[in-house]
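Mapped onto this note's numbering, the consecutive letters of the sequence shown carry residue numbers 11 to 300.
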Amino acid sequence: MKILNVGSLNIDHVYQVSHFVQPAETIASLSYQVFSGGKGANQSLAIAKAGGKVMHAGRIGSDGYWLKERLKNSGVNVSLIKVLDEPTGHALIQVNEDGENAIIIHGGANEGFSEADFDEILANVSKGDYLLLQNEINDIGLLLQKAKGKGLKIIYNPAPMKPEIKDLDLSMVDIFIVNESEAQALTGQSQSQAIINSMIEHYPDSAVVLTLGKAGVFYGDSMRLFFMDALDVEVVDTTGAGDTFIGYFVAELSRGSDIYECLKLAVKAAALCVTRQGAGDAIPERKELS
Ligand code: RIB
Numbered sequence: 011m012k013i014l015n016v017g018s019l020n021i022d023h024v025y026q027v028s029h030f031v032q033p034a035e036t037i038a039s040l041s042y043q044v045f046s047g048g049k050g051a052n053q054s055l056a057i058a059k060a061g062g063k064v065m066h067a068g069r070i071g072s073d074g075y076w077l078k079e080r081l082k083n084s085g086v087n088v089s090l091i092k093v094l095d096e097p098t099g100h101a102l103i104q105v106n107e108d109g110e111n112a113i114i115i116h117g118g119a120n121e122g123f124s125e126a127d128f129d130e131i132l133a134n135v136s137k138g139d140y141l142l143l144q145n146e147i148n149d150i151g152l153l154l155q156k157a158k159g160k161g162l163k164i165i166y167n168p169a170p171m172k173p174e175i176k177d178l179d180l181s182m183v184d185i186f187i188v189n190e191s192e193a194q195a196l197t198g199q200s201q202s203q204a205i206i207n208s209m210i211e212h213y214p215d216s217a218v219v220l221t222l223g224k225a226g227v228f229y230g231d232s233m234r235l236f237f238m239d240a241l242d243v244e245v246v247d248t249t250g251a252g253d254t255f256i257g258y259f260v261a262e263l264s265r266g267s268d269i270y271e272c273l274k275l276a277v278k279a280a281a282l283c284v285t286r287q288g289a290g291d292a293i294p295e296r297k298e299l300s
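Here it is in structure tokens:
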């Protein structure tokens, strides 16, 4: 069973700051580093580091060629990443003293997928294969429809949330992986138990993984509902923790493991990720999790 991830690749410009910059304020950063990023690329990297096999489909400019090389060197199949005459997507990331982040993204080449691109990409998978998606590329609704038409199993992480997503027919999604704010936007509910109940009610054929950061994770589908604690660790930088979680979860799922085991591994990997700086660079190798 193949895993195809159609998603963003970003160059992350990371600024360590004493506090997030306020309106009309200019602050000096304490440090500046450039990392590989993009929710899509981070998730593919995490799948590969978890020992899974993943094809990443994406769009970059020549300034981002090193992102493709980074994925390739980690074992991701990069044959569906196109290098174009467009700027690579990038992110401007502030990380404060508590390890929290504030992010601005510029989509760049990530936003240029055409219908023909989607057809070309989907020709590489068949019924029963997994499609992993986030919200950092254009025309998600069209891609969802085409993927469902092919009988793919769709795992959707609607991040970052966009207003138009609520208008899509999301019943096509097999597994949602959402954080609290994304799920709140989808359901209008604010408490985790109410969110998950509402998701299951609206999407009875889907499974829902609701990530709550250091508060843990909720899982629900029509058959079962359970909660799992997060691990207590010293937080340095939370960037990419969600992507690490998703990559490990998907990799383990594709090996046929039970959901509970997939989540246990994902929680462990995300906990290690937040103890390090950066997104792609902070994703642990599977052997580090023993
Ligand atoms: O999830 C973290 C990612 O979000 C960063 O790598 C950044 O590129 C943004 O897309």
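Where a beta carbon is used, it is the ideal one built from N, C-alpha and C, also for glycine.
Values in this document were obtained by computation on a predicted structure and should not be read as measured data.
Applying the criterion that 16 or more other CB atoms from any shown protein chain within 10 Å of the CB defines a buried residue, is residue i buried or exposed?
| i | result |
| --- | --- |
| Leu14 | buried |
| His29 | exposed |
| Gln203 | exposed |
| Val188 | buried |
| Gly198 | exposed |
| Ala133 | exposed |
| Thr36 | exposed |
| Arg234 | exposed |
| Met11 | exposed |
| Glu146 | buried |
| Asn83 | exposed |
| Val284 | buried |
| Tyr213 | buried |
| Leu40 | exposed |
| Val243 | exposed |
| Val260 | buried |
| Leu141 | buried |
| Ser54 | buried |
| Asp247 | buried |
Give me the residue from the options with the minimum Cα distance to residue i.
| i | options | result |
| --- | --- | --- |
| Gly47 | Asp184, Ala292, Gln203 | Ala292 |
| Asn87 | Ala58, Val246, Asn189 | Ala58 |
| Asn52 | Val27, Arg80, Ser39, Gln32 | Arg80 |
| Ser216 | Cys272, Lys176, Lys163 | Lys163 |
| Gly381 | Ile21, Asp179, Ala281 | Since the first residue of the chain shown is 11 and the last is 300, residue 381 is not available in this structure. |
| Leu19 | Met238, Thr98, Gly85, Ser89 | Thr98 |
| Gly50 | Ser232, His100, Asp95 | His100 |
| Gly257 | Ile205, Asp242, Lys274 | Lys274 |
| Leu8 | Gly252, Asp247, Ala276 | What the structure shows of the chain is the stretch from 11 to 300, and residue 8 is not part of that stretch, so it cannot be assessed. |
| Glu121 | Val16, Ala225, Asp231 | Val16 |
| Leu1 | Arg286, Asn167, Leu282 | Residue numbering for the chain in the displayed model covers 11 to 300; residue 1 lies beyond these limits and cannot be assessed. |
| Ala289 | Ser136, Val27, Val105, Leu90 | Val105 |
| Tyr75 | Lys92, Ile113, Gly250 | Lys92 |
| Arg296 | Pro33, Asp177, Gly62 | Gly62 |
Under DSSP, the beta strand (DSSP E) around residue i begins and ends at which residues?
| i | result |
| --- | --- |
| Met65 | 65–71 |
| Ser46 | 41–47 |
| Gln155 | Taken as a continuous stretch (DSSP letters only), Gln155 belongs to no beta strand (DSSP E), being part of the alpha helix (DSSP H) at 150–159. |
| Phe3 | With the chain represented from 11 up to 300, any question about residue 3 goes unanswered, as that position is not in the structure. |
| Ile13 | 13–16 |
| Ile91 | 87–94 |
For the alpha helix (DSSP H) holding residue i, just list the boundary residues, first then last.
| i | result |
| --- | --- |
| Ala281 | 269–283 |
| Asn145 | Careful: Asn145 lies outside any alpha helix (DSSP H) and carries neither H nor E. |
| Leu196 | 190–197 |
| Ala112 | Run containing Ala112: none in the alpha helix (DSSP H); it sits in the beta strand (DSSP E), 111–116. |
| Glu6 | Residue 6 lies beyond the stretch modelled for the chain, which goes from 11 to 300, so this question has no answer here. |
Report the three-state DSSP secondary structure of residue i (helix, strand or coil).
| i | result |
| --- | --- |
| Ile21 | strand |
| Gln203 | helix |
| Leu263 | helix |
| Asn52 | helix |
| Phe30 | coil |
| Asn167 | coil |
| Lys78 | helix |
| Ser216 | coil |
| Gly99 | strand |
| Thr254 | helix |
| Gly230 | strand |
| Phe186 | strand |
Kindly give me the distance between the Cβ atoms of residue i and residue j, rounded to whole angstroms, as I take these residues to be in contact under 8 Å.
| i | j | result |
| --- | --- | --- |
| Glu254 | Ala56 | A small fix is needed here, since residue 254 is Thr in this sequence, not Glu. Sure, about 5 Å apart at Cβ, within 8 Å. |
| Ala279 | Ala60 | 7 Å |
| Lys156 | Phe128 | 6 Å |
| Val24 | Ile103 | 5 Å |
| Leu154 | Met182 | 5 Å |
| Val219 | Ile185 | 7 Å |
| Ile131 | Ala67 | 4 Å |
| Met238 | Val227 | 5 Å |
| Ile210 | Ser191 | Ile210 to Ser191, Cβ: 19 Å. No contact. |
| Lys160 | Ser136 | 7 Å |
The ligand COA and residue i: does the residue's C-beta get closer than 6 Å to at least one heavy atom of that ligand?
| i | result |
| --- | --- |
| Ile114 | Ligands in the displayed structure: the ligand RIB; the ligand COA is not one of them. |
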